[in-house]
Amino acid sequence: MKIVAVANQKGGVGKTTTAVNLSAALAEAEREILLIDLDPQANASSALGVEVVAGRSLHGILTGDENARSVSEQIQPTPYPHLSIVTSELDLAGCEIQLAADINRLTRLRTVLHDYRATGPKIDFVVIDCPPSLGVLMTNALAAADSVLVPLQCEYLALEGLAKILEMIERIKQVSGNGALILEGVVLTMYDARTNLSQQVVSDVRNHLGRQVFDTIIPRSIRLSEAPGHGKPIVAYDPSGVGAQSYRELAREFLARQT
Ligand SMILES: Nc1ncnc2c1ncn2[C@@H]1O[C@H](COP(=O)(O)OP(=O)(O)O)[C@@H](O)[C@H]1O
Ligand SMILES: [Mg+2]
């Protein structure tokens, strides 16, 4: 069971789109996937058509509530084989304040997921959709994770953004004591082949990070932005379109990189 956090402190760069669609494509390839929605906005939950219900999230566990349901009890099936989810709810946002004085606040998720790894049914990959803000939730995700996958939008100043994210990952590794955290890779998203800017960003980021950038590039696609409104991952909403093809390709490359 490998735990992969999908993170970038910037909003709107394709974290949720990548967490949901990579998870669905890996599940389609018959890997057992658990998607954890750790963003209070709950976009990943609704993008899979799973109802967001009060009390159904990691809030209780993260705040140390003794009566909280365990991770296994929080896992729900999705309409898709091999893909299950722990949903989010707005209450998760409260963790940032509620945990201020708690000494275990940064490592709770790590503890429960590592217990689950030892005792739960077989899961190949846990994919965590992180919120954009650099707070307790994102720190918990990076403290628990084996690797971090960084979606990077092909836009102006992408390299500056990338430097900030890499710096942030280093800092969280230190505060959370998760020295083993590795960079799974950077995924370039919302690529527009018609613009010089997109092409420039791709070559700059590749020059900078080399093999740490996935070969697969996710193009800008209307279908990808429509799919969450229909509560479906792209492999179900538009199975033969360019968006589904690119996330399947990303899943193949991701699997090929696992040794
Ligand atoms: N490849 C893409 N093509 C078109 N729209 C996209 C693509 N990736 C993401 N989007 C859209 O951009 C917005 C932000 O994406 P999202 O995945 O929610 O980012 P984040 O989770 O980082 O905030 C959403 O409206 C989403 O539908
Ligand atoms: Mg998101």
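In the numbering used here, the protein residues as written are 1234 to 1492.
We treat Cβ as the ideally placed atom computed from N, Cα and C, and that holds for glycine.
Computed from a prediction, not measured in an experiment: that's the story for all the values here.
Which term fits residue i, buried or exposed, when burial requires 16 or more other beta carbons within 10 angstroms of its beta carbon?
i     : result
D1448 : exposed
L1390 : exposed
E1322 : buried
D1270 : buried
P1384 : buried
V1434 : buried
P1364 : buried
K1465 : buried
T1422 : buried
H1292 : buried
S1436 : exposed
L1325 : buried
E1261 : buried
T1352 : exposed
R1289 : buried
V1286 : exposed
D1348 : exposed
T1492 : exposed
Give the secondary structure of residue i by DSSP, where H, G and I count as helix, E and B as strand, and everything else as coil.
i     : result
Y1287 : Sequence check: residue 1287 is Ala here, not Tyr. Correct three-state label for A1287: coil.
D1335 : coil
L1414 : coil
E1356 : Strictly speaking, residue 1356 in this sequence is Ile, with Glu absent from that position. Looking at I1356 - three-state DSSP - the assignment turns out to be coil, as it is neither helix nor strand.
Y1480 : helix
V1246 : coil
Y1424 : strand
L1267 : strand
P1461 : helix
D1448 : coil
D1272 : coil
Report the residue from the options whose alpha carbon sits nearest the alpha carbon of residue i.
i     : options                    : result
V1475 : N1440, L1323, A1460        : A1460
A1376 : I1415, S1431, P1365        : I1415
A1374 : L1281, H1463, P1354, D1272 : D1272
A1334 : G1297, F1358, Q1407        : G1297
T1372 : R1404, Y1470, L1255        : R1404
G1282 : Y1470, S1479, R1338        : Y1470
A1413 : Q1274, D1379, Q1242        : D1379
V1237 : T1428, E1417, L1457, V1438 : E1417
C1328 : G1288, E1482, V1369        : V1369
Y1424 : I1455, A1275, I1308, A1240 : I1455
N1429 : G1247, E1388, T1340, Q1274 : E1388
P1310 : N1300, S1366, L1268        : L1268
V1359 : P1312, L1395, V1304        : V1304
S1479 : R1341, D1362, F1487, P1452 : P1452
S1431 : S1473, Q1386, K1397        : Q1386
R1439 : A1280, V1420, L1457        : V1420
S1458 : G1247, K1243, T1320        : G1247
N1337 : G1410, M1234, R1444, L1483 : G1410
E1263 : L1316, R1427, E1486        : L1316
A1277 : I1467, L1346, T1340        : I1467
What span of residues does the alpha helix (DSSP H) with residue i cover, start to end?
i     : result
V1468 : 1467–1470
R1439 : 1429–1442
Can you give me the start and stop residues for the beta strand (DSSP E) that residue i sits inside?
i     : result
V1239 : 1235–1239
Mind listing, in chain order, the continuous beta strand (DSSP E) runs of no fewer than 3 residues lying wholly within the region 1364–1398?
If only complete runs of 3 or more residues are kept, the region 1364–1398 shows the beta strand (DSSP E) at 1380–1386, in order along the chain.
Quick check on the DSSP output: what are the complete beta strand (DSSP E) runs of length 3 or more inside the region 1281–1329, in order along the chain?
1316–1319
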